[in-house]
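In full-length UniProt numbering, the protein residues as written are 1 to 189. We treat Cβ as the ideally placed atom computed from N, Cα and C, and that holds for glycine. Only one structure is covered here, and it is reproduced in the block below.
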Amino acid sequence: MTSLDPRAPLVLDTRELGRRPGSQRDVELTVPAPADLGIEVLSVPEGSPVELDLRLEAVMEGVLVTGTAQAELVGECARCLEPIDDQIDVRFQELFVYDDVRHDDSDEELDDEASRLEGDLLDLEPLLRDAVVLALPFQPLCQDDCPGLCVECGARLADDPGHSHEEPIDPRWAGLQALKQDPQDSNPE
Ligand SMILES: [Zn+2]
Ligand SMILES: [Zn+2]
């Protein structure tokens with residue numbers, strides 16, 4: 001069992017909230033983004049500011065956390081590889097169960113998968129991570145109708161929509177073909 005570090009930016013101390021059901025506390029904080037917040041092609045840069053706007057509410061079983069997170073996103077377009085610089089704004093809600101509330105057969109809602117407090121501490125990182133990953137597109141695009149890259153020359157078509165090729169693009173290939181067809185002429189002995 002790992003124990004939470006109270007100094008970690010995404011670990012919250014709920015002591016001030018207390019355990020009286022109905023008690024609420026609003027928390028606004030800015031934390032540095034943890035590593036790997038996102039997916040391979042689109043993510044929040046490590047250490048960049050994540051703005052959290054949270055409401056903590058004591059309920060019978062634990063602490064209900066409702067909130068939003070705003071952060072910068074960087075990545076690259078899945079079609080044309082152009083850098084993407086965007087913002088993400090996600091909402092989340094999670095019940096953190098008090099660690100002295102034990103699972104028993106009569107209470108099926110409190111399964112072993114539930115997020116738990118450790119004493120007065122709760123860890124927002126898994127919650128933030130899930131919310132961000134769920135909000136990201138699998139195939140980020142620089143614009144909805146990005147036409148991608150030219151299959152012949154690799155040019156970015158959004159920059160040059162009218163572009164076409166009538167002849168082979170690379171004269172070296174043309175030269176090589178002539179060489180293969182007529183080796184005698186090109187390479188006399
Ligand atoms: Zn693109
Ligand atoms: Zn082209």
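Let's see if you can read the secondary structure: which residues bound the beta strand (DSSP E) around residue i?
i: Leu56; result: 49-58
i: Leu95; result: 83-97
i: Asp26; result: 24-32
i: Ser43; result: 42-44
i: Thr14; result: Neither: Thr14 is in no beta strand (DSSP E) and is coded neither H nor E.
i: Gly67; result: 62-76
i: Leu37; result: 37-39
Can you list, in chain order, the residues of its chain whose CB lies under 7 Å from that of residue i, leaving out five sequence neighbours each side?
i: Leu141; result: Cys77, Ala78, Arg79
i: Leu17; result: Ser23, Arg25, Leu56, Ala58, Val63
i: Glu189; result: Low local confidence applies: a pLDDT of 48 at Glu189 is under 50, so the model's placement there is unreliable, and no value is given.
i: Ala8; result: none
i: Gly148; result: Arg79, Cys80, Leu157
i: Leu29; result: Leu52
So, for residue i: in the same chain, excluding its five sequence neighbours on each side, which residues have a beta-carbon less than 6 Å away from its beta-carbon?
i: Val59; result: Pro21
i: Tyr98; result: Gly62, Leu117
i: Ser115; result: Glu94, Phe96
i: Ala165; result: Here residue 165 is His; the residue named in the question, Ala, does not match the sequence. Within the same chain, His165 has close Cβ partners Glu152.
i: Arg19; result: Ala58
i: Arg91; result: Thr68
Between the options, which lies nearest to residue i when the distance is taken from Cα to Cα?
i: Ala35; options: Arg156, Leu10, Val44, Cys153; result: Val44
i: Glu125; options: Val65, Leu136, Leu17; result: Val65
i: Glu40; options: Cys153, Asp159, Asp5, Ile84; result: Ile84
i: Leu127; options: Leu95, Gly148, Gly154; result: Leu95
i: Arg129; options: Val50, Asp5, His165, Ser3; result: Val50
i: Leu122; options: Ala33, Leu12, Phe138, His165; result: Leu12
i: Gln139; options: Leu29, Leu4, Leu81; result: Leu81
Am I right that residue i and residue j are in contact with their C-beta atoms under 8 Å? What's the rounded C-beta distance?
i: Ala71; j: Ser48; result: 7 Å
i: Val27; j: Leu10; result: Rounded, the Cβ-Cβ distance is 12 Å, inconsistent with contact.
i: Asp89; j: Gly67; result: At roughly 11 Å, the Cβ-Cβ gap does not stay under 8 Å, so Asp89 and Gly67 are not in contact.
i: Ala15; j: Asp100; result: The amino acid at residue 15 is misidentified as Ala; the sequence shows Arg. Actually they are not in contact, since the Cβ atoms of Arg15 and Asp100 sit about 15 Å apart, beyond 8 Å.
i: His163; j: Cys150; result: 6 Å
i: Ala158; j: Gln143; result: 7 Å
Go to residue i, then tell me how far its alpha helix (DSSP H) extends in each direction, as first and last residue.
i: Glu125; result: 125-135
To which residues of the same chain is residue i closer than 8 Å at the C-beta, ignoring the five residues directly before and after it?
i: Gly38; result: Val44, Leu73, Gly75, Val132, Val133, Leu136
i: Gln87; result: Gln70, Ala71, Glu72, Leu73
i: Pro6; result: Asp13, Leu121
i: Ser3; result: Glu118
* To do: Anything with a beta carbon under 6 Å from a heavy atom of ligand 2 counts; list them all in chain order.
  => This selection yields Cys150, Glu152, Cys153, Ala155, His163, His165.
* Where the beta carbon is closer than 5 Å to any heavy atom of ligand 1, which residues qualify, in chain order? -> Chain-ordered list of matching residues: Cys77, Arg79, Cys80, Glu82, Cys142, Cys146.
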